[in-house]
Amino acid sequence: MNILQGEIWEVDLNPTIGDEMSKKRVCLVVNSNSVGILKLRTIVPITGWQDKFKQVLWMTKIEPNKDNGLIKTSSADAFQVRSLSTNRFYKKLGCIEDNLLFQVHEAIAKTLNPIYKIINN
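Start counting the sequence shown at 9; every next residue gets the next number (this note's numbering).
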């Protein structure tokens with residue numbers, strides 16, 4: 009199965025522990041296609057958008073469109089970033105634009121330290 013950076017997939021996140029997002033979820037693949045030799049992908053779960061997320065550094069708003077396959081305004085939750093086996097991926101929905109992927113990468117960096125910035129070459 010070919011799973012690429014910037015793609016949105018339905019993924020089975022179970023089993024989970026504690027506050028981890030669980031069940032089958034829509035997720036965004038964030039790792040580089042050229043990094044890693046294991047059958048793993050780094051993902052950020054996607055959840056429904058709430059206005060309170062405007063003030064949250066690690067939430068990136070995603071509007072639905074024909075390319076990404078989403079049906080409602082959503083948010084990529086960078087605080088829940090994790091690597092998963094490709095066996096957990098079961099349906100590709102679409103993909104996001106490069107500038108939005110960059111915003112998600114910035115949000116991931118901010119979960120490590122709010123003053124971090126990344127440079128888009």
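Positions of the beta carbon are idealized from the N, C-alpha and C atoms, including for glycine.
### Query
With burial defined as no fewer than 16 other Cβ atoms inside 10 Å of the residue's Cβ, what is the status of T81: buried or exposed?
Per the 10 Å Cβ criterion, exposed.
### Task
Please name the residue or residues paired with K100 in a DSSP beta bridge.
Paired residue(s): W17.
#### Entry: Own chain partners of M9 with C-beta closer than 8 Å, once the 5 adjacent residues on each side are dropped
Non-local beta-carbon contacts of M9 in its own chain, meaning distances under 8 Å to residues more than five positions away in sequence, involve T94, F97 in chain order.
### Query
Taking Cβ positions, are N76 and C103 nearer each other than 9 Å?
yes
### Query
For D85, which three-state DSSP category applies?
strand
### Query
Across which residues does DSSP place I51 in a beta bridge pair?
V37, R90
### Query
Which word fits S40, buried or exposed, when buried means at least 16 other C-beta atoms lie within 10 angstroms of its C-beta?
Classification of S40: exposed, given that the 10 Å Cβ count is below 16.
### Task
Would you mind reading off the limits of the alpha helix (DSSP H) that contains I116?
106-120
### Query
Taking the beta strand (DSSP E) that M67 falls in, what are its first and last residues?
First-last of the beta strand (DSSP E) with M67: 67-70.
### Message
For a test of the three-state rule: what should DSSP assign to K32, helix, strand or coil?
### Response
strand
### Message
Please classify V43 as buried or exposed, where buried requires at least 16 neighbouring CB atoms within 10 angstroms.
### Response
Note on V43: under 16 other CB atoms within 10 angstroms of its CB, so exposed under the neighbour-count rule.
### Task
Round the Cβ separation of T68 and V112 to the nearest angstrom and send it over; I've been treating them as touching at under 8 Å.
5 Å
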